[in-house]
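Since the structure comes first, as structure tokens, the remarks are kept for the end.
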Amino acid sequence: MGSISPAPESSGYESPLSEKQDKSEVSVPEDSDQDGVSDILIVKFSANDADDPRNWSGGYRWYLSIFDCFLVFTTTFASSVPAGFASQLLFHFHLDAELVALTITLFVMGFCVGPILWGPLSEQYGRRAVLIPCYTLFTAFQVGAALSPNTAAIMTFRLLGGITSSAAHPIAPALIADVWEPSTREKALTYLGFLSFIGPTLGPLIGGYMAAGNLRWQWVFWMLTILAGTCTLLITCTQKETYRPIILARKAQRLRNETGDPRYRAPFELVQKSTIAATLYKTLAKPFVMFVHEPALIATTAYLSFIGGCLYMMFEAFPIVFEEGHHFKSSSLGLMYLPLTVGNIVALIFYLCVTQPDYERKAKRYAPNPVPPEERLTMAIWAAPLFAIALFWFGWTSFPSVNFWAPMMSGFLMGVAILALLVALLNYIIDVYSYAAASALGACTVIRSIFGAIFPLFSTALFRALNPRWASTLVGCVAILMIPVPILLKRYGPALRARSRYTARALEG
């Protein structure tokens with residue numbers, strides 16, 4: 021994850037820049053005759069370049085990282101918070117239970133559509149250029165949902181809200197990769213996993229208590245309007261562009277304007293395709309072309325998608341177990357999700373105290389070379405069996421005759437396992453695909469969202485037809501089949517990366 025320039029390091033050309041200019045490194049490729057311009061001067065970041073996001077102050081980089089993690093929290097929270105107003109929506113719009121569930125499913129379906137566009141577009145035009153219009157529209161669609169006069173309107177605004185808000189899903193982890201070196205990136209990605217996971221679990225809890233406080237259903241969307249509007253304002257006023265190739269392209273343009281010398285070029289400009297067909301390919305097809313050609317991406321996406329589907333499945337299983345089996349009120353049901361959050365916190369503490377220091381020791385051992393991406397998979401290897409155990413635990417303690425604490429506390433182990441798997445696999449994807457990480461994460465997010473949208477549609481029928489014991493056993497058996505995934509990736513990952521067209525080494529030439 022060093023210099024962006026594909027030019028040979030030995031070129032040794034120094035640009036005659038004044039002290040007023042930023043003294044970026046400039047190199048001359050061996051064969052430099054492009055567009056009729058001889059001796060192209062490739063602009064790179066120097067060691068202490070103030071324009072390099074990785075040289076920004078630690079405080080500002082942490083602000084960007086936590087803020088963009090919060091953007092993901094906002095979207096996942098918005099996906100599930102209307103569940104607390106299910107009874108009001110059912111009565112006001114004359115819906116049945118399946119249509120009420122669509123208010124969640126359609127929002128999550130938006131996550132399937134948006135990242136196809138937003139991830140690659142952020143690699144074409146920059147992170148900020150995508151986030152600002154997306155979150156402006158997201159805010160507007162929450163206003164539309166609050167003012168919806170009928171079922172069609174609220175369903176449409178929920179879908180559009182999911183599409184626009186999903187920009188944060190591929191961009192947030194890619195932004196973390198922009199501003200941090202791999203040795204310190206994992207800590208920020210842990211917070212991302214934590215905030216993205218507690219969003220859907222806190223949604224029903226907050227929504228339920230708002231409904232119990234005699235607030236009308238419109239208030240949940242006014243709350244989301246305020247939340248989304250605040251995020252839009254903060255993006256516009258406080259978030260600088262972080263995508264390093266775009267920053268270098270702007271730097272090269274500035275140097276051309278200041279010096280009148282057309283030879284200054286950024287690597288991004290040399291490989292950029294300006295045709296409509298190429299732009300459409302990069303925007304729409306690239307994530308899926310990557311997906312079908314990358315076994316490592318297929319494996320990690322399949323596992324993450326299964327985990328996400330199971331999480332949204334719990335939103336349908338918990339009412340069956342706790343409302344029907346243990347006679348909890350709707351406003352109290354959200355408390356059953358708290359062990360999931362506590363499990364997240366424990367996994368976060370474990371990471372900060374154990375996993376991250378261990379990775380930093382490995383970084384020193386491998387220096388000056390980067391740590392192999394497979395080292396990220398250690399947490400996933402031990403978390404995979406825990407996730408399967410948690411599913412069996414939940415299912416076989418779900419008898420009405422068993423105290424509710426037993427199935428509720430299975431959520432603790434589930435929370436630990438899910439956060440550990442998310443952090444490990446997301447870090448692995450980013451380390452493997454580097455500058456194409458946003459596209460890889462876009463494809464991953466789309467597939468995960470499809471699972472998250474589909475699982476709730478059959479979960480209620482599954483848990484009623486098989487009962488919670490056997491339904492959880494079925495899902496737990498699939499989780500057992502997934503246990504070897506991180507083990508196999510650690511064993512065969514280097515060979516897969518060597519054949520890949522999208523790894524950092526392949527893209528840097």
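Residue 21 is where the sequence shown starts when you use this note's numbering, and the numbers rise one by one after that. We treat Cβ as the ideally placed atom computed from N, Cα and C, and that holds for glycine. Just so you know, these numbers come straight off a predicted model, no measurement behind them.
In the structure shown, the three-state DSSP call for Val150 is helix. About 14 Å separates the beta carbon of Pro220 from that of Thr465, a gap too long to meet the 8 Å contact definition.
Spatial neighbours of Phe432 in its own chain (CB-CB distance under 7 Å, excluding positions within 5 residues in sequence) are listed in chain order as Pro359, Val362 and Gly363. Close CB contacts of Gly146 within its chain, under the 6 Å cut and outside five residues either way in sequence, are with Glu261, Tyr263 and Ile266 (chain order).
Setting aside the 5 residues that flank it on each side, Gly227 is surrounded in the same chain by Val101, Pro102, Ala103, Gly104, Phe105 and Val240, each with a C-beta closer than 7 Å to its C-beta; the list follows chain order.
Selection Cys154, Tyr323 and Ile340 evaluated against Ala188 yields Cys154 as nearest (Cα-Cα).
For Ile62, the uninterrupted beta strand (DSSP E) segment begins and ends at Leu61 to Lys64. Beta-bridge annotation (DSSP): Arg285 is paired with Ile62. Taking a contact to require three or more Cβ pairs closer than 8 Å, the region 490-500 and the region 326-345 qualify as touching. Collapsing the DSSP output to three states places Tyr522 in coil. For Leu358, the enclosing alpha helix (DSSP H) begins and ends at Leu358 to Phe370. Your pair Ala437 and Phe407 checks out as a contact, with CB atoms roughly 4 Å apart and the cut at 8 Å. Taking the C-beta atoms as reference points, Leu509 is found nearer than 7 Å to Leu397. Contact annotation: Ala403 and Ala197 have beta-carbon atoms that are not nearer than 7 Å. Secondary structure of Ala387 (DSSP, three-state): coil.
In this structure, Val163 and Ile191 do not form a Cβ contact; the two beta carbons are roughly 23 Å apart against a cut-off of 8 Å.
Between Phe342 and Ala463, the C-beta spacing is not below 7 Å.
When the beta-carbon positions are compared, Val92 and Leu268 stay at least 7 Å from each other. In the three-state scheme derived from DSSP, where H, G and I count as helix and E and B as strand, Pro427 is classed as helix. The three-state reading of DSSP puts Arg236 in coil, since its state is none of H, G, I, E or B. Annotation: the continuous alpha helix (DSSP H) that includes Gly415 extends over Thr398 to Trp416. Around the CB of Gly78, fewer than 16 other CB atoms lie within 10 Å, so the residue is classed as exposed.
Excluding five sequence positions before and after His346, the CB atoms of its chain that fall closer than 8 Å to its own CB belong to Pro420 and Phe424, given in chain order.
Nearest in C-alpha terms to Met502, of all of Ser325, Tyr453, Ile218 and Pro388, is Ser325.
Only exposed fits Cys257, as fewer than 16 other CB atoms lie within 10 angstroms of its CB. Here Pro388 is not near Tyr448, since their CB atoms are 7 Å or more apart. The region 125-144 makes contact with the region 172-185; the number of CB pairs closer than 8 Å reaches 3 or more. The beta carbon of Arg276 is closer than 7 Å to those of Pro282 and Tyr284 in its chain, skipping five residues each way along the sequence. Exposed is the label assigned to Pro514, since fewer than 16 other Cβ atoms lie within 10 Å of its Cβ. Taking Ala444 as the centre and dropping the five residues before and after it, the same chain places the C-beta of Arg396, Leu397, Met399 and Ala400 closer than 6 Å to its C-beta, in chain order. The Cβ atoms of Thr252 and Thr159 lie closer than 7 Å to each other. Separation of the CB atoms of Asp451 and Pro202 is rounded to 6 Å, and the pair is thereby assigned contact status at 8 Å.
Assignment of Asn68 by DSSP, reduced to helix, strand and coil, places it in the coil class. A Cβ-Cβ distance of about 7 Å is found for the pair Leu372 and Lys207, placing them in contact under the 8 Å criterion. Residues Leu360, Gly363 and Asn364 of the same chain have their beta carbon placed closer than 6 Å to that of Gly435, with the five preceding and five following residues left out of the count.
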